[in-house]
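Here is the structure we will look at.
Residue numbers (UniProt numbering): 1 to 294.
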């Protein structure tokens, strides 16, 4: 992974994949080395503001709604009645904003290791932070892995892992031990959803490992939902959702159709479409046949 800023263009180069992504920038708005990572914010010509962490594009004003809506609404409408939601990561607060659109949610926690990401989001992406003052919103800045391990068992309805790539501070969020802790923290009917990288680049590696580890942790029902995300590698991204004891292929379709809030990408049709995985993903991720089931 490397980045370059040449002649007014920010370029993120994915060296091992032989590809790159560029945005034309007007100027750099902010740069700092936080205790955890290098944080940069640019003003771009056509995608609004751009946040970069350790050289990797995190979000832009223009297209972040795709990611934030798909990380939240499919899981929230799959759960029968989510009351308590925890977001691990999600420092830009966009996922929190989408969660709090659901009037039935009584308590939402954002557990983010790097407070500076949230503070700079408040300054440069204020539209994502408009629900930060909601009385249901709670913030903890620290280790999300330890937070989930320490929480009272059977106390959560939904855990959303809105993390960076599985390197550095986020590596432990893509691990069997973490999924086991999440399983203990969830109530009956509880769900977990994990950002799971690019279907084109990572189905046989990261996504397959997530499926295997979630099943080993006791999540019997695992489903990956692909969606477009122009500023991420290949322009195609995914989240992986798992249910503690109920299938995740079924959701409250009528409630999704009649949602009492505005979305820009998500609707019941998009949700149904995202449940239809491409054949190459089905071939790679098909459920293993257990002894005695053949």
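Even glycine gets a Cβ: it sits at the ideal position worked out from N, Cα and C. Just so we're clear, the structure is a prediction, and the values are computed from it rather than from any experiment.
Give every residue of the same chain whose Cβ lies closer than 6 Å to the Cβ of residue i, excluding the five residues on either side of it in the sequence, and list them in chain order.
i, result
"residue 213", "176, 179"
"residue 54", "37, 38"
"residue 22", "9, 11"
"residue 139", "110"
"residue 181", "148, 149"
"residue 40", "31, 52"
What would DSSP say about residue i, mapped onto helix, strand or coil?
i, result
"residue 185", "helix"
"residue 120", "helix"
"residue 56", "strand"
"residue 192", "strand"
"residue 291", "In this prediction, residue 291 scores a pLDDT of 40, lower than 50, which makes its location untrustworthy; no coordinate-derived value is stated."
"residue 38", "strand"
"residue 51", "strand"
"residue 104", "coil"
"residue 17", "helix"
"residue 10", "strand"
"residue 127", "helix"
"residue 1", "A caution first: residue 1 carries a pLDDT of 48, below 50, which makes its placement in the model too unreliable to give a value."
"residue 157", "strand"
"residue 82", "coil"
"residue 229", "coil"
"residue 262", "coil"
"residue 241", "strand"
"residue 111", "strand"
"residue 251", "coil"
"residue 203", "helix"
"residue 152", "coil"
"residue 216", "helix"
"residue 27", "strand"
"residue 163", "coil"
"residue 272", "helix"
"residue 197", "coil"
"residue 137", "strand"
"residue 91", "coil"
"residue 61", "coil"
"residue 44", "strand"
Could you round the C-beta distance between residue i and residue j to whole angstroms and report it? I think they count as a contact, below 8 Å.
i, j, result
"residue 107", "residue 84", "5 Å"
"residue 60", "residue 98", "Actually they are not in contact, since the Cβ atoms of residue 60 and residue 98 sit about 17 Å apart, beyond 8 Å."
"residue 19", "residue 233", "7 Å"
"residue 186", "residue 244", "5 Å"
"residue 202", "residue 124", "Contact flag wrong, Cβ pair sits at about 29 Å."
"residue 163", "residue 88", "7 Å"
Nearest CA to the CA of residue i: which residue from the options?
i, options, result
"residue 281", "196, 26, 92, 269", "196"
"residue 283", "207, 64, 30", "207"
"residue 183", "30, 149, 256", "149"
"residue 24", "64, 260, 17, 50", "50"
"residue 81", "199, 158, 181, 131", "158"
"residue 92", "110, 78, 14", "110"
"residue 77", "155, 216, 132, 257", "257"
Considering only residues of the same chain and omitting the five flanking positions on each side of residue i, which have a CB-CB separation below 7 Å?
i, result
"residue 194", "161, 210, 239, 240"
"residue 115", "141"
"residue 235", "228, 229"
"residue 289", "Only weak support exists for where residue 289 lies, its pLDDT of 42 falling under 50; the value from the coordinates is given anyway. Excluding residues within five positions, none has a Cβ falling inside 7 Å."
"residue 151", "185"
Cutting at 8 Å between CB atoms, please list the residues of its own chain near residue i, excluding the five before and the five after it.
i, result
"residue 274", "70, 74, 225, 226, 227"
"residue 249", "221, 223, 275"
"residue 272", "253"
"residue 136", "100, 105, 106, 107, 108"
"residue 265", "65, 66, 69, 70, 227"
Practice task
Decide yes or no for the touch test of the stretch 218 to 229 against the stretch 31 to 46: beta carbon pairs closer than 8 Å, at least 3 of them.
Solution key: no
Problem - contact_flag[the stretch 182 to 191, the stretch 120 to 135] where n(CB pairs < 8 Å) is 3 or more - result: no
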